[in-house]
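**Q**
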Amino acid sequence: EKAVNLKKDLAEMQEWMTQAEEEYLEKDFEYKSPEELENAVEEMKRAKEDVLQKEVRVKILKDNIKMLATKVPSSGQDLATELNVVLENYQLLCNRIRGKCHTLEARMIALCLEIFNSFIDEVWSCWIELLQYLDLETAWLNNLEERVQMTGNLPDKLDAVNDALESLESVLRHPADNRTQIRELGQTLIDGGILDDIISEKLEAFNARYEELSHLAVSRQIALEQQLQTMRETDHMLQVLQESLGDLDRQLTSYLTDRIDAFQMPQEAQ
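Counting the sequence shown from 1 gives a position; the working numbering is that position plus 2.
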């Protein structure tokens, strides 16, 4: 009866190994995404643990068959032969599962490296593009600052004020596309968690200077517009006064030419 039970245990062990081989080794894994590959790796790890847990049962079978062989040599010899086959198949199964597990892990590492390298390339490209837009906008800010400074000491002439205003307005008519790109690229890099502190600091410095110079330039634009309006109104008043004086001069000249007495003139002409 002991021999029959052991023979049955060996058969069950062999059947289990056949099923494990079909389930884990003959299965055709298709990895269409990193998630599928990760699931396959986890499945093979579970298979590896499952197979290794059977090692205790195999050892018990081996000890029981050895013990039976010492008591009943004939039955033990037959079971020993079957045991050797089971041990050989078990060792082969363990090696194959370990090998497939290592293969899948290697694929997973390679895929992770590929994804990481792709991510680094994308981040680098994004960083270079951000720096290019920052250089363009910094050059524009430098030009704006220069134009604002030029409006500081203008001669008190209408043409000079008008030219300064037009020059400043031409710089202020700067499209906002570049700044939009800077904001989007910066946010992309910050969301990616790569050099986010450095990028945030760089963007904060740029935005602070942009806001400061923009407000200063708009204030100077308004001041120049008011100054220009005042100068035009003054010029107009002077022109009207000059025309009025001219009319009066011609009228007085006419009076003098006609030898009209001062008391005969209108009171404003006397």
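All C-beta atoms in this analysis are idealised placements derived from N, C-alpha and C, irrespective of residue type, glycine included.
From this set, Ala141, Gln228, Leu250, which residue's C-alpha is nearest Leu167's C-alpha?
**A** Gln228
**Q** With distance defined between alpha-carbon atoms, name the residue in Glu147, Leu156, Glu57, Asn180 nearest to Val173.
**A** Glu147
**Q** I need the boundaries of the alpha helix (DSSP H) containing Gly188, first residue and last residue.
**A** 179-194
**Q** Would a C-beta distance cut-off of 8 Å place Leu160 and Met233 closer than the cut-off?
**A** yes
**Q** For Glu45, which of Leu27, Lys61, Val58, Glu57 has the nearest alpha-carbon?
**A** Leu27
**Q** Are the CB atoms of Leu226 and Thr153 within a distance shorter than 8 Å?
**A** Inclusion of Thr153 and Leu226 in the CB contact set at 8 Å is warranted, their separation being smaller than that value.
**Q** For Leu248, is the classification buried or exposed, using 16 other Cβ atoms within 10 angstroms of its Cβ as the cut-off for buried?
**A** At residue 248 the sequence reads Gly, which differs from the Leu that was named. Flag for Gly248 reads exposed.
**Q** Report the rounded CA-to-CA distance for Gln79 versus Val6, giving the unit in angstroms.
**A** Going by the C-alpha atoms only, they are around 13 Å apart.
**Q** Between which two residues does the alpha helix (DSSP H) carrying Asn155 extend?
**A** Here Asn155 belongs to no alpha helix (DSSP H), and DSSP marks it neither H nor E.
**Q** How many whole angstroms separate the CB atoms of Glu131 and Leu187, which I take to be in contact at a CB cut-off of 8 Å?
**A** 6 Å
**Q** Looking only at C-alpha atoms, which of Lys50, His104, Ile67 sits nearest to Asn86?
**A** Ile67
**Q** Go ahead and pull the three-state DSSP assignment for Asp89.
**A** The amino acid occupying residue 89 in the given sequence is Leu; Asp does not appear at that position. Helix at Leu89.
**Q** Quick test of your reading: Ile99 and Lys50, contact by CB under 8 Å. State the CB separation rounded to the nearest angstrom.
**A** About 5 Å; that satisfies the 8 Å criterion.
**Q** In this structure, how does DSSP classify Asp260 when only helix, strand and coil are distinguished?
**A** coil
**Q** Return yes when the Cβ of Leu156 is within less than 8 Å of the Cβ of Val163, no when it is not.
**A** yes
**Q** Taking Cβ to Cβ, would you say Leu95 is nearer than 8 Å to Ala22?
**A** Yes.
**Q** Just to confirm the assignment, what range does the alpha helix (DSSP H) spanning Leu12 have?
**A** 4-22
**Q** Look at Val43 and Glu107 and say whether their C-beta atoms are less than 8 Å apart.
**A** Taking the C-beta atoms as reference points, Glu107 is found nearer than 8 Å to Val43.
**Q** Quick test of your reading: Thr190 and Cys128, contact by CB under 8 Å. State the CB separation rounded to the nearest angstrom.
**A** 6 Å
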